[in-house]
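Numbering of the sequence shown is given in the numbering used here, commencing with residue 22 and proceeding in unit increments.
Glycine included, C-beta positions come from ideal geometry on N, C-alpha and C.
These figures come from a predicted structure and were not determined experimentally.
This report refers to the structure that appears directly beneath it.
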Amino acid sequence: MSLWIHHQIDASVPRPFMDEEFHVDQTKHYCSNDFGYWNPKITTPPGLYLVSYALLRLISSITNLPTVYLCTVSVLRLLNIGLAGLLYLTIVALQRSINHQLSAKDSDRVLLTAANVCMFPILYFFIFLYYTDLLSTLSVLVMYLLLLYDRICLSAMTGGLACTMRQTNIIWCAFCCGITLVDRFNQRLKGLSRLERESQPTNGDWLKMIRTAGFGDVAEAFLRSVMEFVPFMALGLAFSVFVLWNHGIVLGDKGAHQPCFHAVQLFYCVMFLVIFAFPVLFLPRHFFSCLQHIVRHPGAYALLCCGIALAVYACTFEHPYLLADNRHLTFYVWRKWFKRYVAARYLLIPLYVYGFHAVWMSLSRQNSFWRSAYFVAVALVTVPNRLLELRYFIMPYVFWRLHVPILSKKRLVVELLFYTVVNAGVICLFLFRTFKWVGNDDTQRIMF
Numbered sequence: 022m023s024l025w026i027h028h029q030i031d032a033s034v035p036r037p038f039m040d041e042e043f044h045v046d047q048t049k050h051y052c053s054n055d056f057g058y059w060n061p062k063i064t065t066p067p068g069l070y071l072v073s074y075a076l077l078r079l080i081s082s083i084t085n086l087p088t089v090y091l092c093t094v095s096v097l098r099l100l101n102i103g104l105a106g107l108l109y110l111t112i113v114a115l116q117r118s119i120n121h122q123l124s125a126k127d128s129d130r131v132l133l134t135a136a137n138v139c140m141f142p143i144l145y146f147f148i149f150l151y152y153t154d155l156l157s158t159l160s161v162l163v164m165y166l167l168l169l170y171d172r173i174c175l176s177a178m179t180g181g182l183a184c185t186m187r188q189t190n191i192i193w194c195a196f197c198c199g200i201t202l203v204d205r206f207n208q209r210l211k212g213l214s215r216l217e218r219e220s221q222p223t224n225g226d227w228l229k230m231i232r233t234a235g236f237g238d239v240a241e242a243f244l245r246s247v248m249e250f251v252p253f254m255a256l257g258l259a260f261s262v263f264v265l266w267n268h269g270i271v272l273g274d275k276g277a278h279q280p281c282f283h284a285v286q287l288f289y290c291v292m293f294l295v296i297f298a299f300p301v302l303f304l305p306r307h308f309f310s311c312l313q314h315i316v317r318h319p320g321a322y323a324l325l326c327c328g329i330a331l332a333v334y335a336c337t338f339e340h341p342y343l344l345a346d347n348r349h350l351t352f353y354v355w356r357k358w359f360k361r362y363v364a365a366r367y368l369l370i371p372l373y374v375y376g377f378h379a380v381w382m383s384l385s386r387q388n389s390f391w392r393s394a395y396f397v398a399v400a401l402v403t404v405p406n407r408l409l410e411l412r413y414f415i416m417p418y419v420f421w422r423l424h425v426p427i428l429s430k431k432r433l434v435v436e437l438l439f440y441t442v443v444n445a446g447v448i449c450l451f452l453f454r455t456f457k458w459v460g461n462d463d464t465q466r467i468m469f
């Protein structure tokens, strides 16, 4: 099916579309061994182009076709289809590692979960275009998988590769390193205090373990845990040097990508999760649990709503690109809802509150540190961006979805059907809802 969609898009859109223009141009220069060229419109490091160049050289050595001949829009898009297969296998391996308690009879649910993650509409759509998203997602997940397999040095190297796809991947490297380090420290504390527990410790357990083991032993256990992750510290240092050298995190087009405190991006991300993951998050137990918390702590929730309202008022920004390009679905959402009805921004506050609660509750198998670290990582990835771009929410979704307890087959099928309908709608919109700009003969299309 994906190959058929690739063929349809290739036939309808034979030339580079939108950001593909920059990515394909840069890759073609690399395929011509022109490594000194850099397109000033590109904001991310050259990881995508270097990996594509290496893969095309490999194909060239097998087929005896020149690399320059292979470096076409169609072939570069086709590389993504092949990498999507690797992404699926990586997610299957991650699911089995994260949910190690599952039996062999649950294998079909693991496979279906992996398929659903790959079918996630934002990610699935960009499989068919030569963008950084697929390879960026794949490299981050391979980094995480290697970390779970205790291949720390190789994991840090893969994390470095992930950062050459997209700079914000350093946040996910730090997140994965942090939760794994804490887990190692926890295991050492268990050994020191001789506490045999299957679940993660609560705050009380931590204090009990530390008192039982003694400060000296605890300090040694912590240092040993930290020293295991020296390769990730080296990665963090290297990234810091890059930021200092580059005078910022963005490479090209810096004027249009100035960081700001766009706090509402975190709310958009949570709302996005609620909408696209409704088979997982719209559960009766989450809804009634949220109501229970509101009834028990009305004052706290009133303050929370006031805080969100203040953030919406003071930290809602409209990037010039958002309303300058009517080829993105966000253009229509913003123009017809957020911009037209200012009060409507505040009507979404209950959805934000429910979203935070539901996401937190859905990660019930993770301890409070893990869940808190996750929200911090999501905030660091999204909040500094002035531009509302749905692709920024891919990694928050993927990490959240991987750590949700395995769903029943029925709910997984509902999720798959929902994603299939959305994907079909968006791809049909992209292929058949065309238009032209005044003074420009190029055919324009609508996409995520």
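Our two residues, Asn120 and Ile427, have alpha carbons roughly 8 Å apart in a direct line. Check the Cα spacing between Val94 and each of Phe439, Arg36, Trp421: the tightest is with Arg36.
The C-alpha of Tyr109 lies about 43 Å from the C-alpha of Ala323. With three or more CB-CB distances shorter than 8 Å, the region 276-283 counts as touching the region 338-354. In the DSSP assignment, Gln465 falls outside any alpha helix (DSSP H) and within the unbroken beta strand (DSSP E) covering 464-466. Residues Thr65, Thr153, Ser157 of the same chain have their beta carbon placed closer than 7 Å to that of Arg187, with the five preceding and five following residues left out of the count. In this structure, Cys52 and Val113 do not form a Cβ contact; the two beta carbons are roughly 32 Å apart against a cut-off of 8 Å. Judged by DSSP secondary structure, Thr88 falls within the alpha helix (DSSP H) whose first and last residues are 88-91. Between Thr179 and Leu167 a beta carbon distance of about 6 Å is seen, short of the 8 Å cut, so the two are scored as contacting. Taking C-alpha positions only, Pro67 is separated from Ala195 by approximately 21 Å. Every alpha helix (DSSP H) of 4 residues or more that sits fully in the region 344-405 is shown, in chain order, as 350-354, 365-368, 370-383, 389-403. Within the DSSP secondary-structure output, Thr64 pairs in no beta bridge.
Taking the C-beta atoms as reference points, Ile200 is found no nearer than 7 Å to Pro252.
Within 10 angstroms of the beta-carbon of Arg98 lie 16 or more other beta-carbons, which makes it buried. A check of alpha carbon separations from Asn347 across Met164, Glu41, Val459, Gly212 identifies Val459 as the nearest. For the pair Leu287 and Val404, the CB atoms are nearer than the 7 Å cut-off. Below 8 Å, too few C-beta pairs join the region 247-266 and the region 361-380 to call them touching: fewer than three.
Cα atoms of Ile148 and Gly57: separation of roughly 28 Å, rounded to the nearest angstrom. Unbroken alpha helix (DSSP H) runs of no fewer than 4 residues, entirely contained in the region 284-318, are found at 285-297, 299-302, 305-317, following chain order. Gln465 and Phe43 have their alpha carbons spaced roughly 17 Å apart. Spanning the alpha carbons of Leu150 and Asn101 requires a straight line of approximately 8 Å. Here DSSP, grouped into helix, strand and coil, assigns Phe453 to helix. For Lys49, the enclosing alpha helix (DSSP H) begins and ends at 41-52. Closest option to Ala298, judged by alpha-carbon separation, among Arg366, Ser383, Leu272: Ser383.
Distance from the CA of Ile83 to the CA of Leu24, rounded to the nearest whole angstrom, comes to 22 Å. Straight across, the Cα-Cα distance linking Thr351 with Phe243 is about 46 Å. Exposure of Tyr353 is indicated by the presence of fewer than 16 other C-beta atoms within 10 angstroms of its C-beta. For Cys139, the enclosing alpha helix (DSSP H) stretches over residues 128-139.
The beta carbon of Ser389 sits closer than 7 Å to no other beta carbon from its chain once the five residues preceding and following it are set aside.
Gly257 has its alpha-carbon roughly 25 Å from the corresponding atom of Gln387. For Pro142, the enclosing alpha helix (DSSP H) has its first and last residue at 142-146.
The residue among Ala259, Cys290, Arg209, Gln122 with its C-alpha nearest the C-alpha of Tyr418 is Cys290. In this structure, the straight-line span from the alpha carbon of Arg78 to that of Leu104 is close to 16 Å.
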